[in-house]
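Novice: Which chain is which? The protein sequence lines are A and B, in order.
Going by this note's numbering, the first sequence opens with residue 306, and the numbers climb by one from there.
Going by this note's numbering, the second sequence opens with residue 306, and the numbers climb by one from there.
Cβ atoms here follow ideal geometry from the backbone N, Cα and C, with glycine treated the same way.
Protein chains: 2
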Amino acid sequence: MAVTVRDIARIAGVSVSTVSRALSSPGMVNAATRARVQETARKLGYAPNLNARNLTSGRSGAIGLVVPDLENPFFGSMAKGVQARARAAGYAVFIADTEEDVSVEGEIIRGLSRQVDGVIVCSARGTDASIQQLSQEMPLVLVNRRVPDVSSITFDHAASFQSVMGHLVALGHHRIAYAGGPQTSWSNSQRVQAFAASGQEFPELDLVELGNFQPVFTGGVHAGDLAIASGATAVIAFNDLVAVGLMDRLKQRGLSVPGDISIAGFDNVPISMLVRPTLTTVDFPRVQMGRTSVDALLEALRGTPRTTEGNEIPFELVVRESTGVAKPRSAASPSSTTASALGG
Amino acid sequence: MAVTVRDIARIAGVSVSTVSRALSSPGMVNAATRARVQETARKLGYAPNLNARNLTSGRSGAIGLVVPDLENPFFGSMAKGVQARARAAGYAVFIADTEEDVSVEGEIIRGLSRQVDGVIVCSARGTDASIQQLSQEMPLVLVNRRVPDVSSITFDHAASFQSVMGHLVALGHHRIAYAGGPQTSWSNSQRVQAFAASGQEFPELDLVELGNFQPVFTGGVHAGDLAIASGATAVIAFNDLVAVGLMDRLKQRGLSVPGDISIAGFDNVPISMLVRPTLTTVDFPRVQMGRTSVDALLEALRGTPRTTEGNEIPFELVVRESTGVAKPRSAASPSSTTASALGG
DNA sequence: ACCTGCACTGCAAACGGTTGCAGTATGTTT
DNA sequence: AAACATACTGCAACCGTTTGCAGTGCAGGT
Numbered sequence: 306m307a308v309t310v311r312d313i314a315r316i317a318g319v320s321v322s323t324v325s326r327a328l329s330s331p332g333m334v335n336a337a338t339r340a341r342v343q344e345t346a347r348k349l350g351y352a353p354n355l356n357a358r359n360l361t362s363g364r365s366g367a368i369g370l371v372v373p374d375l376e377n378p379f380f381g382s383m384a385k386g387v388q389a390r391a392r393a394a395g396y397a398v399f400i401a402d403t404e405e406d407v408s409v410e411g412e413i414i415r416g417l418s419r420q421v422d423g424v425i426v427c428s429a430r431g432t433d434a435s436i437q438q439l440s441q442e443m444p445l446v447l448v449n450r451r452v453p454d455v456s457s458i459t460f461d462h463a464a465s466f467q468s469v470m471g472h473l474v475a476l477g478h479h480r481i482a483y484a485g486g487p488q489t490s491w492s493n494s495q496r497v498q499a500f501a502a503s504g505q506e507f508p509e510l511d512l513v514e515l516g517n518f519q520p521v522f523t524g525g526v527h528a529g530d531l532a533i534a535s536g537a538t539a540v541i542a543f544n545d546l547v548a549v550g551l552m553d554r555l556k557q558r559g560l561s562v563p564g565d566i567s568i569a570g571f572d573n574v575p576i577s578m579l580v581r582p583t584l585t586t587v588d589f590p591r592v593q594m595g596r597t598s599v600d601a602l603l604e605a606l607r608g609t610p611r612t613t614e615g616n617e618i619p620f621e622l623v624v625r626e627s628t629g630v631a632k633p634r635s636a637a638s639p640s641s642t643t644a645s646a647l648g649g
Numbered sequence: 306m307a308v309t310v311r312d313i314a315r316i317a318g319v320s321v322s323t324v325s326r327a328l329s330s331p332g333m334v335n336a337a338t339r340a341r342v343q344e345t346a347r348k349l350g351y352a353p354n355l356n357a358r359n360l361t362s363g364r365s366g367a368i369g370l371v372v373p374d375l376e377n378p379f380f381g382s383m384a385k386g387v388q389a390r391a392r393a394a395g396y397a398v399f400i401a402d403t404e405e406d407v408s409v410e411g412e413i414i415r416g417l418s419r420q421v422d423g424v425i426v427c428s429a430r431g432t433d434a435s436i437q438q439l440s441q442e443m444p445l446v447l448v449n450r451r452v453p454d455v456s457s458i459t460f461d462h463a464a465s466f467q468s469v470m471g472h473l474v475a476l477g478h479h480r481i482a483y484a485g486g487p488q489t490s491w492s493n494s495q496r497v498q499a500f501a502a503s504g505q506e507f508p509e510l511d512l513v514e515l516g517n518f519q520p521v522f523t524g525g526v527h528a529g530d531l532a533i534a535s536g537a538t539a540v541i542a543f544n545d546l547v548a549v550g551l552m553d554r555l556k557q558r559g560l561s562v563p564g565d566i567s568i569a570g571f572d573n574v575p576i577s578m579l580v581r582p583t584l585t586t587v588d589f590p591r592v593q594m595g596r597t598s599v600d601a602l603l604e605a606l607r608g609t610p611r612t613t614e615g616n617e618i619p620f621e622l623v624v625r626e627s628t629g630v631a632k633p634r635s636a637a638s639p640s641s642t643t644a645s646a647l648g649g
């Protein structure tokens with residue numbers, strides 16, 4: 306059916322080994338022969354059988370990408386970066402969606418690992434131990450999470466949180482609330498820590514943790530009422546969706562953003578610039594994170610693993626309309642009366 | 306390094322062929338032997354080498370998925386469906402992002418085809434001929450586009466457009482505009498046709514084509530002014546992003562939605578229920594489209610290709626707040642004065 | 001003239017499975 | 001008791017490529 310090295314060998318009048326060498330290590334064969342072989346190969350439309358090639362070489366020329374949910378734009382962007390960089394390096398990408406199911410994650414990754422040279426894993430959940438275990442079984446790069454002794458690529462959540470906090474402080478806010486995300490999320494724990502650390506840095510601040518919310522619109526709605534009750538003049542939300550839900554609820558309750566309360570989110574999702582007021586947020590270059598994780602994996606495959614630390618992708622604070630100067634504490638407007646009345 | 310059938314054979318005291326059969330065609334070997342082999346395999350942590358297996362079988366157990374842009378949520382959802390169904394059927398998924406570049410698309414698909422049993426292709430652009438050509442070279446299923454003689458899975462754009470139109474007519478609208486998408490887009494051409502067909506179905510209607518717009522927020526902003534000028538009381542937008550941009554512009558110009566103008570979009574993207582008013586739109590089950598395309602591909606691989614026609618995924622009209630009864634033509638309110646003044 | 005080194009090429013053995021065929025030991029039929 | 005079918009197992013070839021090793025011919029050095 307398909308044309309093989311033997312066909313080429315027969316037609317070009319050489320041995321199969323010469324054909325193989327002419328095609329994969331051209332330097333080893335005489336220029337004339339090489340040209341003849343390559344020409345016949347081209348004419349016959351030869352395409353090497355990758356299974357055969359990989360069988361001898363032991364490599365597969367592919368990497369695996371494991372994500373919890375492909376429908377989440379975060380992972381879509383990641384995948385794009387991974388795909389682009391892998392292709393440029395001559396690797397194909399196998400993709401697997403764990404559907405957020407930690408229990409099957411290990412099996413999926415192990416299954417995948419038999420057909421790839423290494424894997425890139427996004428696993429916000431799952432235990433450190435299980436990830437360490439996997440990392441010992443195969444070349445593995447962990448994304449958006451840090452686990453001891455596992456090569457990982459992350460955003461600097463602490464620093465990005467600080468930059469949002471600095472922005473709000475500069476605008477004169479004193480009572481600032483944080484509407485957290487899922488308790489099990491690594492990035493949320495980073496933000497909670499950074500939030501607490503801000504207390505050290507700015508002792509004059511009045512910090513309120515509103516609790517943990519689902520990282521979606523309705524979670525923000527829920528947080529909205531608590532935010533009003535807290536009496537905070539600024540709220541940092543776990544992500545943009547929460548921020549948008551929060552903002553919607555505040556408007557519904559008759560408060561103005563940023564007049565009464567400033568709101569900031571994280572991720573810079575497309576919605577953040579479509580809502581009114583547009584949302585102040587932090588942009589994390591997700592495509593670049595995908596690219597960098599491929600680089601890290603390929604280096605590991607070449608036997609020169611990066612250090613675990615220091616692989617942090619830069620972020621950017623995007624200031625838009627949802628944050629403004631804090632309303633003076635003394636001159637309480639009717640709407641803020643509501644807030645302070647409820648805030649106790 | 307890795308454990309092979311030979312290791313198992315040696316330890317279990319049988320031949321490699323028996324090992325192979327005990328593992329892949331259990332019916333052919335004695336129950337006791339089979340148990341012993343399977344047990345040793347399990348104990349040694351045996352995992353078959355897929356390259357070796359595929360080399361003999363000629364199959365690869367993988368399918369390819371080719372999309373123009375992984376960052377686009379449409380394809381993310383698709384990919385999720387593809388991935389899930391493929392995994393369930395024992396297939397792995399290779400993914401490739403063409404970056405909307407038609408010129409390399411063919412090469413990417415051909416390269417991919419060497420490592421997979423078949424491909425699922427989303428290619429809104431590219432010529433019919435090039436797709437037909439590819440389809441003859443390998444098992445191929447085309448998604449969201451119809452090309453003669455190529456197996457394809459689509460949404461019924463005509464019917465979904467009709468349902469939006471019917472909804473608006475029922476609300477009493479007479480002058481209805483369509484804000485189109487890219488001229489080269491297959492789905493847009495389907496909608497334009499359906500728009501024209503509505504003229505036949507409802508001769509009393511007054512239909513206005515506003516032109517072609519970029520399928521993004523700013524395209525909608527652009528369309529907004531034209532919509533006002535057109536004097537239409539209802540606008541159907543190419544997709545939700547255009548609809549949202551349009552709505553934003555209308556509000557900016559002092560018109561109310563749906564008070565003065567009703568707006569409907571397509572796709573039911575997350576934003577559509579976050580904007581105010583929430584957007585009437587058409588939901589296309591994209592994950593299901595992914596699943597169905599895998600089914601079609603697998604059937605083709607088994608030699609029982611589906612017919613080209615009839616593979617249409619059901620849609621659902623989602624009526625929300627952005628569409629309402631048409632304002633009576635006679636009683637013009639101040640805000641509509643603006644519109645009719647400009648509408649000429 | 002002889003040996004050495006070099007550039008090139010071919011042989012054949014891998015890689016790790018699958019599978020057609022033949023062989024052996026049982027059970028079944030007449 | 002002989003002939004035969006049946007159930008299981010092993011041998012060895014094969015899938016298409018890579019690669020260590022040996023062989024060839026030819027140039028240059030002595």
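1. For a quick check, are the C-beta atoms of B:Leu-555 and B:Ile-566 less than 8 Å apart?
2. Pick from A:Gly-564, A:Leu-606 and A:Pro-575: whose alpha carbon is nearest that of A:Gly-629?
3. Does the beta carbon of B:Lys-385 come closer than 8 Å to any beta carbon on chain A?
4. Roughly how many angstroms lie between the CA atoms of A:Met-306 and A:Thr-323, to the nearest whole one?
5. Give me the residue from B:Phe-460, B:Ile-313, B:Ser-494 and B:Glu-344 with the minimum Cα distance to B:Gln-593.
6. Between which residues of its own chain and B:Val-319 is the CB-CB distance below 6 Å, once the five residues before and five after are set aside?
7. Along chain A, in chain order, which residues have C-beta atoms closer than 8 Å to that of B:Pro-378?
8. Chain B partners of A:Gln-388, CB-CB under 8 Å?
9. Would A:Val-398 pass as a contact of A:Leu-370 if the rule is Cβ separation under 8 Å?
10. Where A:Leu-510 and A:His-479 are concerned, what is the direct C-alpha to C-alpha distance, given to the nearest angstrom?
11. Taking any Cβ of chain A, which residues in the region 556-575 of chain B have a Cβ under 8 Å from it, in chain order?
12. Hey, would you say B:Ala-539 sits closer than 8 Å to B:Val-513, going by beta carbons?
13. Give, in chain order, every unbroken run of the alpha helix (DSSP H) that is at least 4 residues long and sits entirely within the region 540-581 of chain B.
14. Is B:Ser-457 helix, strand or coil when you go by DSSP?
15. Buried or exposed: where does A:Pro-331 fall if 16 or more other Cβ atoms within 10 Å of its Cβ makes it buried?
16. Do three or more CB pairs link the region 352-363 of chain B to the region 353-365 of chain A at distances below 8 Å?
17. Less than 8 Å between the CB atoms is what I'm expecting for B:Thr-523 and B:Gly-550, so what's the real figure, rounded?
18. Cβ of A:Arg-554 less than 8 Å from any chain B Cβ?
19. DSSP puts B:Gly-485 in a beta bridge; with which residues?
20. In terms of residue numbering, what span does the alpha helix (DSSP H) encompassing A:Thr-597 cover?
21. Say whether chain A places a C-beta atom closer than 8 Å to the C-beta of B:Leu-360.
22. So what does DSSP say about A:Arg-625, is it helix, strand or coil?
23. Who are the Cβ neighbours of A:Arg-315 in its own chain at under 8 Å, not counting the five residues just before and after it?
24. For A:Arg-415, which option in A:Ser-503, A:Ile-436 and A:Arg-558 has the closest C-alpha, if you only look at C-alpha atoms?
25. If you follow the beta strand (DSSP E) that A:Ala-367 is part of, which residue opens it and which one closes it?
26. Run down chain A in chain order and give the residues with a C-beta less than 7 Å from the C-beta of B:Ala-346.
27. Between the region 600-611 of chain A and the region 571-578 of chain A, do at least 3 Cβ pairs fall closer than 8 Å?
28. So, does the CB of B:Gln-505 fall closer than 8 Å to a CB anywhere in chain A?
29. Can you tell me whether DSSP reads B:Ala-397 as helix, strand or coil?
30. So, under 8 Å CB-CB, A:Asp-374 and A:Asp-402 are touching, yes? Tell me the CB distance rounded to an integer number of Å.
31. Quick one: what does DSSP say B:Arg-390 is sitting in, helix, strand or coil?
32. Is the shortest distance between the beta-carbon of B:Pro-639 and the beta-carbons of chain A less than 8 Å?
33. Determine, using beta carbons only, whether A:Arg-419 and A:Thr-489 come nearer to each other than 8 Å.
34. Would you give the residue range spanned by the alpha helix (DSSP H) that B:Thr-345 belongs to?
35. Look at the Cβ atom of B:Val-446, then the Cβ atom of B:Cys-427, and state whether they are nearer than 8 Å.
36. Mind reading off the beta-carbon distance from B:Ala-528 to B:Leu-515? Whole number of angstroms is fine, and I expect it under 8 Å.
Specialist: Reading from the atomic positions:
1. yes
2. A:Gly-564
3. yes
4. 22 Å
5. B:Phe-460
6. none
7. Glu-376, Pro-378 and Gly-381
8. Leu-375, Ile-400, Ala-401 and Asp-402
9. yes
10. 5 Å
11. Pro-575
12. no
13. 545-557
14. strand
15. exposed
16. yes
17. 6 Å
18. no
19. B:Asn-517
20. 591-606
21. yes
22. coil
23. none
24. A:Ile-436
25. 367-372
26. In chain order: nothing, as chain A lies at least about 14 Å away.
27. no
28. no
29. strand
30. 7 Å
31. helix
32. Confidence at B:Pro-639 is low in this model, with a pLDDT of 43, below 50, so its placement is unreliable and no value can be given for it.
33. no
34. 336-349
35. no
36. 5 Å
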